[in-house]
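What follows is one structure encoded as C-alpha cells, with my remarks underneath.
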Amino acid sequence: MKLVKYIIPVLFLLPVLANAQCRAFTKNKCLPLLEGYVQNDNYNSAVLVPGDEAELLLTFYSGKDYRIVVGSHPVLGDVEFELVDTNDEMIYSNKTADNKSVFDFKMSNTQQLIVRVRVPKQDGAISHEGCVTVLVGSKEK
Amino acid sequence: MRNLRWMKPTALAFGICALMSACQSGGNNANQPPTQPKVDSLEAAREAELQKIFFSIPAPMEMASLIKENGFKYDAAMLNSTENVVKYTGEVKQAVNLGIYGADLSYASMFDQKQESMNYLAAAQRLAREMGVDGALQDDIINRLNSNQDSRDSLMRIVSEAYSDLNGYLKENNRISVSALVIAGGWMEALYLSTRYASSGDSELKTRIAEQKLSLDNLINYFNKFGEAENLKEVKSDLLSLQALFNEVQTSAGKTTASKGADGTFTIGNSSSAVISDETLKKIETLIAQVRSKYIS
C-alpha cells in the first residue's frame, strides 16, 4: 500500500517528466559528441520503449562532412542504428562497429538517406523507457 | 490523517502538472487567442504519436554556407528587417517569422555579422516571448553570444543549438505543429535567399536549389502527418504551390556506393542528379518572393 501511494502520482508525472528529461539528456549527453560540427536545427529526441523502431529521412549535401550521433539512455541497452539508402540498401550499422554511437562520413553526391534506430526488446515484466536522440552535424568545406 | 498522508504525493503530482501547464501558457500576450490548445484524450494520443516522429530537413545554415563558399557578399537588405517584429500577431505569422528570423540569424552568423546576429536573436526572442514559449531562446543564449564574439564557429554553433532547443521545447510542450511552422519558415527564407543569389547564374547554387525538391517533399510529408490541422493549412497550401514548380526539376536516381579510404574516412556517393531549368528557377524565385512577402508584411 505504501508503495502504491507513491507509484500512482509518479505515473501521472512520468510522461511530462520523461519528455522534459529528453531535452536535458540531448544537451548534456549527446551534444558534446558533436564537437567540431555544426548541429542541424532540427530536434529529434523521443521517449522510446524496448521494441520501438524510429526512422529519420535526411538529405545530405555533396562535398560535406557529416557526423551522426545516436544517443540513448543506458536503461534501453545497446540501441542499434543503421544508415540505409532509400532503397533500403544498408550502408552502415553500428552493430559491426562495437555499438558505437557516432558515425562520421563524407558525401560525394547529394542524396537522401535514412537513419533507422531500433531499441532492443527486453526480457522481464518491467519494460523500461528512455530517451533516444538522433543528432546530425555538418562541417564547412 | 491517513487519508491526508495518502493525498500528499498525489496532490503534489497534480500540483506540479498544473504548475507546468500554467508556466507553458504564462507568457501569452493578453490580446492573443490562447496558444496552448485544449487537448482531449484523442488529441493527447495523437500528440504522443507525433512526438515519436523523427523529422529533419537541412538547416538554413547549410544553404548560407554554400552562399558564402561561392564567394557571394553579405547583403543585409535581403533579410527580413528586425523592425518588422512588432507587426506579427497570431500564431501562424509569429511561428513562420520565428523560422524566417532563424534563417536570417544563420545567414548573418555565417558571414560573421555579430551585431546583426544579436539583433536577429533579440527579434526571435521577442517573438518567442509573445508566442508564450519563454522557455526557449533564453537570455543565456545572448550571454553566450556576447562572450563568444571572436569566434564565428562558436557563433554558428550557438545559433544552431538555440534553434534545435527551441524545436525541442515546442515538441515537449505539445506544440509540435508550431515547430513545423518554424521549420517551414526557415526553409522558405533559405530558399528565398538562395534564389536571389542564384539569379547571377551560379551553377552550384542552382543545383542546390534543385535539390530542395527532396527537402520540400519531406517537409510536406511531415505536414501531412498532422492531418487537417487548422494552423498548418495556409503554409501547407503555399508549400504545395512550390512543390508544383519543383516537380519540374529533372531528377535521376543512382546506386549508392560506400567506401572507406586508407585514412579511415567513410565516403558515401551515388550517381543521382537534380537539374533545374532557368525558366523553372525564375518561377520559383517569383513564387517564393510572393509567399515570403505575405508572411513578413
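Protein sequence lines, in the order shown, are assigned to chains Z and U. Counting from 7, one number per residue, gives the positions in the first sequence under this note's numbering. Counting from 146, one number per residue, gives the positions in the second sequence under this note's numbering. C-beta: ideal position from N, C-alpha, C; glycine also.
Pairing U:Tyr-367 with U:Val-241 gives a Cβ-Cβ distance that is not under 7 Å. Of all alpha-carbon atoms in U:Ala-419, U:Lys-400 and U:Leu-426, the one lying nearest the alpha-carbon of Z:Val-90 is that of U:Lys-400. Around the CB of U:Ser-345, fewer than 16 other CB atoms lie within 10 Å, so the residue is classed as exposed. Going by beta carbons, U:Glu-306 and Z:Gln-45 fall inside the 7 Å limit. In the DSSP secondary-structure assignment, U:Ala-221 is not bridged to any residue.
Separation of Z:Thr-116 and U:Gln-357 (C-alpha to C-alpha, rounded to the nearest whole angstrom) is 10 Å.
With respect to chain U, the C-beta atom of Z:Gln-45 has a partner C-beta closer than 7 Å. No Cβ-Cβ contact shorter than 7 Å links U:Val-327 with U:Leu-224. The segment 188 to 252 of chain U is shown to contain whole alpha helix (DSSP H) runs of 4 or more residues at 205 to 214, in chain order.
For U:Gly-313, the enclosing alpha helix (DSSP H) has its first and last residue at 297 to 317. Under DSSP, U:Phe-411 forms a beta bridge with U:Lys-405.
In the structure shown, the three-state DSSP call for Z:Ile-132 is coil. The continuous stretches of alpha helix (DSSP H) do not include Z:Asp-47, and DSSP gives it neither H nor E. Here the C-alpha atom of Z:Glu-59 lies approximately 13 Å from the C-alpha atom of Z:Asp-84. The beta carbon of U:Gly-414 lies closer than 6 Å to those of Thr-402 in the same chain, with the five residues before and after it left out. Separation of Z:Val-76 and U:Ala-269 (C-alpha to C-alpha, rounded to the nearest whole angstrom) is 29 Å. In the DSSP assignment, Z:Val-140 forms a beta bridge with Z:Val-76.
Excluding five sequence positions before and after U:Val-436, the CB atoms of its chain that fall closer than 6 Å to its own CB belong to Asp-383, given in chain order.
Rounded to the nearest whole angstrom, the C-alpha separation of U:Gly-280 and U:Gly-406 is 45 Å. Closest in alpha carbon position to Z:Lys-127, among Z:Tyr-49, Z:Leu-82 and Z:Gly-69, is Z:Leu-82.
Chain U has a Cβ within less than 7 Å of the Cβ of Z:Lys-112. Segment contact: the segment 49 to 67 of chain Z against the segment 125 to 145 of chain Z, three or more CB-CB distances shorter than 8 Å; contact assigned. Cβ-Cβ distances below 6 Å link U:Ile-321 to Leu-195 in the same chain, with the five nearest sequence neighbours on each side left out; the list follows chain order. Bounds of the beta strand (DSSP E) holding Z:Leu-62 are 59 to 66. Straight across, the Cα-Cα distance linking U:Gln-395 with U:Ile-287 is about 43 Å.
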